[in-house]
Amino acid sequence: MRVLLIHSDYIKFKAKKKAIKAAEKIEKPYGELENVLIAFIAVEKVDEKNPDSVVKQLIAELRKTVKKVGAESIALYPYAHLSSSLGSSSTARKVLDQAYEELKDEFKTIKAPFGWYKSFELRCKGHPLSELSRTILPEGKEGISEALKAEKRLKSHWYILDLDGRLIPVEKFNFKGHENLKKFADYEISKVRAVKEEPPHVKLMRSHELVDYEPGSDPGNLRWYPKGYLIKNLLEEHVSNIVAENGGMRVETPIMYSCDHPQLSRYLDRFPARQYTLKAGGREYFLRFAACFGQYLIKHDMTISYKNLPLKLYELSHYSFRYEQSGELVGLRRLRAFTMPDMHTLVRDMIQAKEEFLNQYRLSLRWMKDLGLDYEVGIRFVREFYEENREFAHELIKLAKKPALIEIWDERPFYFVMKFEFNFVDALNKASALSTVQIDIENTERFNITYIDEDGKEKYPLLLHASISGSIDRNVYALLEKAYLEQQRGNKPMLPLWLSPTQVRLVP
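Residue numbers (the numbering used here): 1 to 508.
Below is the structure:
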């Protein structure tokens, strides 16, 4: 919101003619006040994220300024010319009406008609505080999706699925011999993500000149030194080779997209993430938090036959962005800018979806073995899907050869019906997801992605989201945390040989 405040001897205005179709109906086309604080107001697009916050801040500012300048009344005057990025007329009216209703009982207040051409007359008092400008931004809802809000409201049911296929409530499971699984379960159930102390990998990444904080950027955006970049690049090459060997076709897509795109704007509300946003040329854009967007739009434009399925597109997204809360940012574990190998697979039906899910699950097992990382399995289901696919869930447990933490939701808050993650538990007993695959039953229809079936009819496929490795940055975190844990056990800390910047030292 943009606000121009003028302390005036008086204001007089008169509505002349409707300027927009959404102009409000008026009974009295004119108004005037004396010794008045006039607030010329432009409600902006960004205010739509949290109009109540903007109103609250506007009222606080007006109360404070009225007292400072000694005004006896307030005039709210809609004034679109203060901004080139206006919010919708409905939001603007809501904000102005709400502000008026809250001020009118406390101050002598008038509101100029919204959506009308008006004549007005004022006489600025001319003292040092008689002309002020303010920019008001919505608080606490920077790009927060409806899915993120739903996630907070969602009730989870927690279980352990053992190797015999028994689904045991987590509080009744005997964790003897599965201490790391207990740490993982406690972390997930508590949902406490804030960091109270620096994890050991931060000291290691800095002392070994791998990665460091970048004070010239936003927190959570790091800089990579030559040795660190070598490790990162080797990981990127390895996961890209695994995907290519299994039919992934590599693409590259933009890092920012328009908030006005109808399908993309709706998708934002179905994805549990916070976004960076920016403005250019009078339009608002968001920085991608995954490579989904570009791959959806490519697939929308493709002509696909059932013979092409499963069809896999892959991007090594060097720049993905999530505006994580500042209290959760630490080292390489949780970032605002990160590298994510991202593959999306179109499949014909749920039978093929489960076949491909198993295939990508096996690739993820291979990845964890190649890095030598200990991990815990987490699998999340919508209850109805779990009940129909108990044997499938048991098969995943048998492949991992260890029990898994199971989260079950009674309703489906997101676009997927199930997903798994391999999670690394660090020295502070915090868990971080690495490899992951999801079964998406919504987005092909949302983005009108279709294939021609053998009967010649156009149909919607299902979609798998996969990152065989998870974030590359987070894999480096896990490797460094593992090295620290090995040192604490009295062992020599080492990276896998193929990832070591120095592989051989000659001692004369």
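All residues carry an ideal CB built from backbone N, CA and C; glycine is no exception. Note that this is a predicted model, so its numbers are computed, not measured.
Within 10 angstroms of the beta-carbon of Val192 lie fewer than 16 other beta-carbons, which makes it exposed. Taking 7 Å as the cut-off, the beta carbon of Glu44 is found closer than this to the beta carbon of Met1. As computed with DSSP, Val3 is found in a beta bridge with Ile41, Arg134. The C-beta distance from Thr345 to Phe293 rounds to 16 Å, too long to meet the 8 Å contact threshold.
Counting along the chain, Cys124 sits inside the beta strand (DSSP E) bounded by residues 116-124. Annotation for Pro78: Ile41, Ala92, Leu96, Ala112, Phe114 place their beta carbon closer than 7 Å to its own, counting only its chain and skipping 5 residues before and after.
Beyond the five residues adjoining it in sequence on each side, Lys25 comes within less than 6 Å, by CB distance, of no other residue in the same chain.
In this model, Lys430 and Phe184 are separated by some 7 Å (Cα to Cα). Counted as a single uninterrupted DSSP element, the beta strand (DSSP E) harbouring Ser258 occupies residues 256-258. Annotated as distal: Leu428 and Asn443, with beta-carbon spacing of 7 Å or more.
Residues of the same chain with a CB within less than 8 Å of the CB of Thr109, apart from the 5 flanking positions on each side, are Ser73, Ile74, Ala75, Leu76, Tyr100, Leu103 in chain order. Under DSSP, Tyr77 forms a beta bridge with Phe40. Rounded to whole angstroms, Gly372 and Pro496 show a C-alpha spacing of 7 Å.
With a 10 Å radius around the Cβ and a threshold of 16 neighbouring Cβ atoms, His300 comes out exposed. By the Cβ neighbour-count rule, His238 is buried, with 16 or more other Cβ atoms within 10 Å of its own. Residue environment for Glu458: exposed (fewer than 16 other C-beta atoms within 10 angstroms of its C-beta). In the structure shown, the three-state DSSP call for Val211 is strand. Going by beta carbons, Ser133 and Leu37 fall outside the 7 Å limit. In the three-state DSSP reduction, Met249 falls in the strand class (E or B).
DSSP, reduced to helix, strand and coil, places Phe424 within a strand of the structure shown.
When DSSP states are grouped into helix, strand and coil, Gly177 belongs to the coil group. Going by C-alpha positions, Ser435 is about 35 Å away from Arg283. Going by DSSP, Pro169 is part of the beta strand (DSSP E) stretching over 167-169. Going by DSSP, Asp342 is part of the beta strand (DSSP E) stretching over 337-347. When the beta-carbon positions are compared, His201 and Tyr375 stay at least 7 Å from each other.
When DSSP states are grouped into helix, strand and coil, Ala393 belongs to the helix group.
In terms of Cα proximity to Lys14, the closest of Trp224, Ser88, Glu121, Ala194 is Glu121. With a 10 Å radius around the Cβ and a threshold of 16 neighbouring Cβ atoms, Arg250 comes out exposed.
For Val437, the three-state secondary structure derived from DSSP is strand. Per DSSP, reduced to three states, the secondary structure at Ser432 is strand. Between Ser467 and Pro310, the C-beta spacing is not below 7 Å. Secondary structure remark: continuous beta strand (DSSP E) runs of at least 3 residues inside the stretch 362-387, in chain order: 376-382.
Separation of the CB atoms of Ala290 and Ser320 is rounded to 6 Å, and the pair is thereby assigned contact status at 8 Å. Between Tyr323 and Tyr276, the beta carbon gap of about 5 Å places them in contact (Cβ cut-off 8 Å).
By the beta-carbon neighbour count (other beta carbons within 10 angstroms, threshold 16), Ala404 is buried.
If you look at Thr65, you'll find it in the alpha helix (DSSP H) that goes 51-69.
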